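Right, one structure below, let's go through it.
There are 2 protein chains.
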Amino acid sequence: MGGDFAPLHEIQGALMAYKAFNNSNTPVEFIFVGREAVIRDILNKQNLDIGFRYSIVSAEEVITMEDEAAISIRTKKNSSLICGIQLHKSGGADAFISAGNTGAVMTAATLILGRIKGVSRPVIGSFFPTMKDKPTLVLDVGANAECKPKFLYEFAIMGSIYLREITGLKSPKIGLLNVGEERTKGNTLALDAYHLLEQNPKLNFIGNVEGRDILAGSSDVVICDGFTGNIVLKFAESIITMLKSKIQSHASKSIINKIAVAVMVPTLRKILKKFDYQEYCGVPLLGVNVVVIIGHGKSSPLAIK
Amino acid sequence: MGGDFAPLHEIQGALMAYKAFNNSNTPVEFIFVGREAVIRDILNKQNLDIGFRYSIVSAEEVITMEDEAAISIRTKKNSSLICGIQLHKSGGADAFISAGNTGAVMTAATLILGRIKGVSRPVIGSFFPTMKDKPTLVLDVGANAECKPKFLYEFAIMGSIYLREITGLKSPKIGLLNVGEERTKGNTLALDAYHLLEQNPKLNFIGNVEGRDILAGSSDVVICDGFTGNIVLKFAESIITMLKSKIQSHASKSIINKIAVAVMVPTLRKILKKFDYQEYCGVPLLGVNVVVIIGHGKSSPLAIK
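Below, the structure is given as structure tokens:
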């Protein structure tokens, strides 16, 4: 219920996923946790003839994007978020997926479901488009504003394993986000994390990468503290908005501009599709001892799928 | 000599500036510090009939973008950078302008020229384009990878005074770059800096701003540590490169795409002009006790002017 288009996109995405799983002969069942009436209403408008297997678990409260994570998980025990995670814990579901309040999902998952042994802090990654044909996984993008070098080292291990298992990349290249390529560059956190990273021969650590290397796709994984990562992610997400605003302002200046923009937009839209963070799927909360996927609040049905 | 197009853009920019100063009846004189033969060669190709007042100070060495700041300022004493700053110190010039190695300019200026009393660390700002009609000044973008709360507080004061004096804004709005708007958000550095900033009634401190607020132009000045600022700046600078790469790749896919892109590009170029960091002028190294302006390595003649 927490996503910006919930539960519509969630239901549409689940239907898309159901078809894909069915085609690959992997039986799968969806459990929608949330306001039953709203969910039924949307389901009634979908084509369920494909034999869609689902159930609904009623949870009438909603943790919103504005809710403070630590408070809401205590006060909204009957929210879709908490009920869904509890369902996962009790074994009633094998995975939990949400496009809701990231902080609340993270806090609830960590407190209710617990961490993997050896992991200091769970971490949230985000895929960034690149100039190459594959995106870069940046983590942490906001789970831990304050990090110790050891956390960054663990992020690298978790990101590496995740990309290997999901994309099949044998040995994902790991870069440490820093202000220069040389190993002597950066703040104490980056310097100490570098030292830890280079000592593990199982990690394909390529050294420091800079801000420009994220979009250049210089490494498969980019490691940073959650403060830096969150600011870069939100900056990146605002680029499309900025561009739209500048295009509109240009179009409004004259009839000729308006025509030129109208001619330009369809092509530009195709090119910019890969820049649109709504198109990217969710990423797991790495480090919790279960399967929790967090999507962008604006996740499209495709992203949910 | 240190800029990517030096000394051509520097000379062309100086000529443009000379005309502008002359038109406003402010006599001004330029001193080119660098490889004399190269400078003379370029000057000979310019139209100097406007009565251009200049002199040349010979300095044969060049500190490159790849040179390590602390080392190069010790080993390249006869570089244009060091000779120019020494000239400024001796009173032979009233200001020093460079599009060269930022770290080297900063280190040399701080060591040779000294800091303003009360300033812990000099700081480098950079203008970012915004959705509004004025850019945002982000500082620090790389002078200090490791910051104390007090440094950020001083950056706010310096940025505020600078914008007030240069743009005429009476009370520039200052935002603290953070992972959330609430005062309880962020790492220890941001939390402590917030506390210092809110206590000064002379500062128009509007609280925390997020990554997306830079391009939104929510504040006139954005304060952050030099690690975060540098990564965001380099990320931002890479957007145009990324976009160009995606456009080229789209055009290469078919003749129809190629035509669509050819039709689109002139309009897009006009719209993106404001995104191009080469178009932005240099900013002063704030906190040193003299006038030192640092421009982007790719500074156009207009930026130099």
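Chain order of the listed sequences is B and C. Position one of the first sequence corresponds to residue 1 (the working numbering), numbered consecutively onward. Position one of the second sequence corresponds to residue 306 (the working numbering), numbered consecutively onward. All C-beta atoms, glycine included, are put in the ideal place defined by N, C-alpha and C. Keep in mind it's a predicted model, so treat the numbers as computed, not measured.
Using a C-beta cutoff of 9 angstroms, does residue i count as contacting chain B?
i	result
C/Arg-517	yes
C/Asn-513	no
C/Asn-535	yes
C/Met-436	yes
C/Met-370	no
C/Asp-525	no
C/Val-568	yes
C/Ala-521	yes
C/Lys-575	yes
C/Gly-447	yes
Taking only beta-carbon atoms, is residue i less than 9 angstroms away from chain C?
i	result
B/Lys-274	yes
B/Asp-4	no
B/Lys-185	yes
B/Thr-267	yes
B/Leu-233	yes
B/Leu-137	no
B/Phe-32	no
B/Cys-224	yes
B/Phe-227	yes
B/Ala-303	no
B/Asn-289	no
B/Asn-78	no
Within a Cβ cutoff of 7 angstroms, which residues of the same chain sit near residue i, ignoring the five residues on either side of it in sequence?
i	result
B/Val-38	Pro-7
B/Ala-70	Thr-107
C/Ile-511	Lys-478, Ile-479, Gly-480, Ser-524
C/Ile-599	Ser-403, Thr-407, Val-410, Ile-429, Gly-587, Val-588, Leu-590
Excluding the 5 residues flanking residue i on each side, which residues of the same chain have their C-beta closer than 6 angstroms to its C-beta?
i	result
C/Phe-401	Gly-389, Ile-390, His-393, Val-597
C/Ala-398	Ile-336, Leu-392
B/Ile-223	Leu-152, Phe-155, Ala-156, Leu-176
B/Met-264	none
C/Val-484	Lys-490, Gly-491
C/Ser-385	Met-306, Val-338, Gly-339, Ala-364
B/Cys-147	Asp-225
Would you identify the three-state DSSP class for residue i, choosing helix, strand or coil?
i	result
B/Ser-24	coil
C/Asn-406	coil
B/Ser-218	coil
C/Val-424	coil
B/Val-209	strand
B/Tyr-18	helix
C/Asn-505	coil
C/Thr-288	Nothing can be reported for residue 288 of chain C, as the shown portion of chain C is limited to 306 through 610.
B/His-75	Looking at the sequence provided, one finds Thr at residue 75 of chain B rather than His. Three-state DSSP puts B/Thr-75 in a helix.
B/Glu-60	coil
B/Gly-3	coil
B/Leu-163	helix
B/Pro-129	coil
C/Ile-599	strand
For residue i and residue j, I'd like the C-alpha separation in whole angstroms.
i	j	result
B/Val-261	C/Ala-567	13 angstroms
C/Glu-503	C/His-555	49 angstroms
C/Met-321	C/Arg-345	17 angstroms
B/Glu-66	B/Thr-75	14 angstroms
B/Tyr-18	B/Gln-46	13 angstroms
B/Gly-287	B/Glu-165	15 angstroms
C/Ile-561	C/Pro-434	33 angstroms
C/Glu-315	C/Arg-420	26 angstroms
C/Leu-548	C/Ser-605	21 angstroms
B/Ala-236	C/Tyr-585	20 angstroms
C/Asn-349	C/Gln-317	12 angstroms
C/Ala-498	C/Pro-454	4 angstroms
C/Glu-515	C/Glu-486	7 angstroms
B/Leu-272	C/Ile-552	9 angstroms
B/Val-138	B/Phe-127	6 angstroms
B/Asn-204	B/Ser-171	6 angstroms
B/Lys-25	B/Ile-42	The sequence shown places Asn at residue 25 of chain B, rather than the Lys named in the question. Cα-Cα distance, rounded: 26 angstroms.
Using C-beta distances below 8 angstroms, list every residue in its chain close to residue i, excluding the 5 sequence neighbours before and after it, in chain order.
i	result
C/Asp-581	Ile-545
C/Gly-447	Thr-407, Gly-408, Ile-429, Gly-531, Gly-534, Asn-535, Leu-538
C/Glu-334	Arg-358, Tyr-359, Ser-360
C/Ala-414	Ile-390, Phe-401, Pro-427, Leu-590, Val-593, Val-595, Val-597
> For the region 238-249 of chain B, which residues have a beta carbon sitting closer than 8 angstroms to at least one beta carbon of chain C?
Replying inline: Ser-238, Ile-239, Thr-241, Met-242, Leu-243, Ser-245, Lys-246, Ile-247
>> Please identify, using Cβ separations under 8 angstroms, the residues of the region 144-156 of chain B that lie next to chain C, in order along the chain.
In response: Ala-145, Glu-146
> Taking any Cβ of chain C, which residues in the region 157-185 of chain B have a Cβ under 9 angstroms from it, in chain order?
Replying inline: Listed in sequence order: Leu-177, Asn-178, Val-179, Gly-180, Glu-182, Thr-184, Lys-185.
>> Along the region 187-203 of chain B, where does the CB come closer than 7 angstroms to a CB of chain C? Name the residues.
In response: Asn-187, Thr-188
> Going along the chain, which residues of the region 388-416 of chain C sit with their C-beta nearer than 8 angstroms to a C-beta in chain B?
Replying inline: Residues passing the 8 angstroms Cβ filter: none.
>> Please list, in chain order, the residues of the region 36-61 of chain B that have any C-beta partner in chain C closer than 9 angstroms.
In response: Close to chain C, meaning a Cβ-Cβ distance shorter than 9 angstroms, is no residue of the region 36-61 of chain B at all.
> In chain order, what residues of the region 11-30 of chain B put their CB closer than 8 angstroms to some CB of chain C?
Replying inline: none
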